[in-house]
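Asks:
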Amino acid sequence: MKNITLTILAAAAIITTTGCSSSKGGVQRVNENTVTDISGRWNDTDSRLTAEEITAELMDHSWYSTFASENTGKKPVLIVGMITNKSHEHIATETFSKDIEKAIINSGRMRLVQAGTMREEIRGERAEQQNNASASTMKKFGLEHGADFMLQGTVNSIVDENKKEKAVYYQIDLELTNIQTNEKVWIGDKKIKKLIK
Numbered sequence: 062m063k064n065i066t067l068t069i070l071a072a073a074a075i076i077t078t079t080g081c082s083s084s085k086g087g088v089q090r091v092n093e094n095t096v097t098d099i100s101g102r103w104n105d106t107d108s109r110l111t112a113e114e115i116t117a118e119l120m121d122h123s124w125y126s127t128f129a130s131e132n133t134g135k136k137p138v139l140i141v142g143m144i145t146n147k148s149h150e151h152i153a154t155e156t157f158s159k160d161i162e163k164a165i166i167n168s169g170r171m172r173l174v175q176a177g178t179m180r181e182e183i184r185g186e187r188a189e190q191q192n193n194a195s196a197s198t199m200k201k202f203g204l205e206h207g208a209d210f211m212l213q214g215t216v217n218s219i220v221d222e223n224k225k226e227k228a229v230y231y232q233i234d235l236e237l238t239n240i241q242t243n244e245k246v247w248i249g250d251k252k253i254k255k256l257i258k
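Under our numbering, the first residue of the sequence shown is numbered 62, with each subsequent residue one higher.
Spelled out as structure tokens, the structure:
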């Protein structure tokens, strides 16, 4: 009798647990381009759309046509420098930088060179090859593409809130600088405003 009672209690516990877990929902996979603005904070959609729009603006500016007319047949070589987060929240600026780099490459109208720690890792591999690779496959020093322009920027935010309502305003500012002359050739921005109730 005791075993039957324990079996019934165990079955009831399993049914209760199963019922509770299914009523709470679960994880649902969605397309990565689906807008999922749950918290109102900076998210993957903001990052991707900003990168695409600001890169399109970058190529529509006169600096690009000036470069093309002065350098027939040559695409400008860009390097993405620091994008600093000055907003009120944590923003993965590295992810945003990668979205910008992807948009630059996908445009097919500009070339992109590696920056930062990844560039140093590549240079380290090239140095290793000098001693360990065959002469026919060894990559030489001094043949990197030098960047013509560096893209840098900031992400700022302003928060206005009253009781349960909050408005969050983001401004993303990017600047393109001619590395040879230190001349700023383009300044672009993207503004995002969200009302959270």
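A virtual CB, placed ideally from N, CA and C, is assigned to each residue, including glycine.
Computed from a prediction, not measured in an experiment: that's the story for all the values here.
Would the stretch 204-224 and the stretch 134-149 be scored as touching if the rule is three or more Cβ pairs under 8 Å?
Replies: yes
Asks: On the CB-based measure, 16 or more other CB atoms within 10 Å of its CB, does Ser197 come out buried or exposed?
Replies: Sequence index remark: in the sequence shown, residue 197 carries index 136 (1-based). Exposed.
Asks: Which of helix, strand or coil does DSSP assign to Gln190?
Replies: Your numbering for residue 190 matches position 129 in the sequence shown. Three-state result, Gln190: helix.
Asks: Just curious, the beta strand (DSSP E) that Ile253 is in, first and last residue?
Replies: Taking the sequence shown and counting its residues from 1, one reaches residue 253 at position 192. It spans 245-257 - the beta strand (DSSP E) in which Ile253 sits, taken as one unbroken run.
Asks: With a threshold of 7 Å between beta-carbons, can Glu93 be considered close to chain C, or not?
Replies: In the structure shown, chain C cannot be found, because there is only a single protein chain.
Asks: Quick one: using the 10 Å Cβ neighbour count with 16 as the cut-off for buried, is Lys252 buried or exposed?
Replies: Within the sequence shown, numbered from 1, the residue matching residue 252 stands at position 191. With fewer than 16 other beta carbons inside 10 angstroms of its own, Lys252 counts as exposed.
Asks: Considering only the alpha carbon of each residue, which of Gln190, Lys159, Ser168 lies closest to Ala176?
Replies: Taking the sequence shown and counting its residues from 1, one reaches residue 176 at position 115. The residue with the shortest Cα to Cα distance from Ala176 is Lys159.
Asks: Anyone know if the C-beta pair for Thr238 and Lys147 falls short of 7 Å?
Replies: Indexing the sequence shown from 1 puts residue 238 at position 177. Indexing the sequence shown from 1 puts residue 147 at position 86. The answer is no: Cβ separation not under 7 Å.
Asks: Which same chain residues, not among the five before or five after Val96, have their C-beta less than 8 Å away from its C-beta?
Replies: To locate residue 96, count along the sequence shown from 1; it is residue 35. Answer for Val96: Thr106, listed in chain order.
Asks: If you follow the beta strand (DSSP E) that Phe210 is part of, which residue opens it and which one closes it?
Replies: As a first step, residue 210 is located in the sequence shown; it is residue number 149 there, counting from the start. Its beta strand (DSSP E) spans residues 210-223.
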